[in-house]
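A.B. asks: Counting from 1, one number per residue, gives the positions in the sequence shown under our numbering. C-beta: ideal position from N, C-alpha, C; glycine also.
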Amino acid sequence: MSVQQSTESGGSGGTEERPTTGPDGTGTEGDQPAAVQEENAAAEPDGTPAAGAKPARKKRPFWQELPILLVIALLLSLGIKTFFVQAFSIPSGSMENTLQIGDRVLVDKLTPWFGAEPERGEVVVFHDPGGWLEDTAPKDDGLMGSVQKVLSTVGLMPSADEKDLIKRVIAVGGDTVECNAGSPVKVNGVALDEPYLFPGATPCDNDPVGTVTVPKGKLWVMGDHRNNSRDSRPHQNLTGDGFVPVDDVVGRAFVVAWPISNWSTLPVPDTFDKVPSRAAAALPEQAPPAPAALALAGVVPIALWRRRRSRRSRRRTG
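1) Note the first and the last residue of the continuous beta strand (DSSP E) segment covering lysine 320.
2) If I measure Cβ to Cβ from threonine 213 and keep anything under 7 Å in the same chain, skipping five residues before and after, which residues do I get?
3) What residue range does the beta strand (DSSP E) around glutamate 178 cover?
4) Would you mind working out which of Asp128, Val246, Asp207 sits nearest glycine 182, comparing C-alpha positions?
5) Compute the Euclidean distance between the alpha carbons of glycine 174 and glutamate 194, then round it to the nearest angstrom.
6) Report, in whole angstroms, the separation of the C-beta atoms of isoleucine 166 and isoleucine 90, which I expect to be a contact under 8 Å.
7) Pairing CB atoms from the region 117-129 with CB atoms from the region 263-281, are three or more of them under 8 Å?
8) Mind listing, in chain order, the continuous beta strand (DSSP E) runs of no fewer than 3 residues lying wholly within the region 178-244?
9) Just verifying my parser: in three-state terms, what is the DSSP assignment at glutamine 100?
10) How close, in whole Å, do the beta carbons of cysteine 204 and asparagine 180 come, if the pair is a contact with beta carbons under 8 Å?
11) How is the beta strand (DSSP E) around arginine 60 delimited, first residue to last?
12) When you compare only the Cα positions, how much space is there between glutamine 86 and leucine 106?
13) In terms of residues, what are the limits of the beta strand (DSSP E) holding isoleucine 90?
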């Protein structure tokens, strides 16, 4: 550390003034910085802070901050699960090959809060409308089961107890569905091209239902593995007639998140873009104009043009 030097203005010798040191070699109080002097003044002779002095704030050890960080993380995870995104596990093969048994999908729970309703072609998770799933007694998996319940509550693992299903929306309220053996599924008169079906599965051969109209506020859903899916078709004898209330929809599955090898998005197939709304499909088709009408439409303008030209010629000669 450099030491500042000064000379006495009245002396002729220009002697150098050096800092004095105390017995311990640290320098006297007059030569110490102001901040150090204040700190020493606020301390007792034994080095403890004087009464009324503000003690220096000590940094918490990491092991004391860790529980606080964990609580914050769990609260954030719970909020995300409740309002934004939730993970679900695929328990069956009804959506093969789009979804495999054991896949984990992420479901968008935010858009329904803003009034968005499911659309044709979307893969959605919904609560059991009633009677679709068998009532099974809850299993006691011991410690691991308890851990899974806790983690599923905060959204870190899929729940093993929730009675939810996952299917593809084929038709929405007001649509007409035709599901006949030997024919493709039709929505509002348009046949669906379904390359996403399980190889070898038929659109409706194993469970044809004929023609049905979806009530307002309801959905008609089907699995991609049609020969192995308990969907809207076999549940028409139940109270809900096989339809899924929009209010029972948890959200749309938009991505396969686990395992990494199966990672993929779940977009709406292009075939559903060709399906018209029920109002547009109900409009009567207009017959093309008859040849006589086309001929008349072409002759009338010509006749009017010749008549106007004849009048101009008469005015000039007159």
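C.D. replies: Straight from the coordinates:
1) Nothing can be reported for residue 320: it is not among the residues displayed for the chain, which extend from 1 to 318.
2) Thr176
3) 176-179
4) Asp207
5) 22 Å
6) 7 Å
7) yes
8) The beta strand (DSSP E) runs of length 3 or more contained entirely in the region 178-244 are, from start to end of the chain, 210-213, 218-222.
9) Coil at glutamine 100, not helix or strand.
10) 6 Å
11) First-last for arginine 60: undefined, no H or E at that position.
12) 6 Å
13) Isoleucine 90 -> no beta strand (DSSP E), and no H or E assigned at all.
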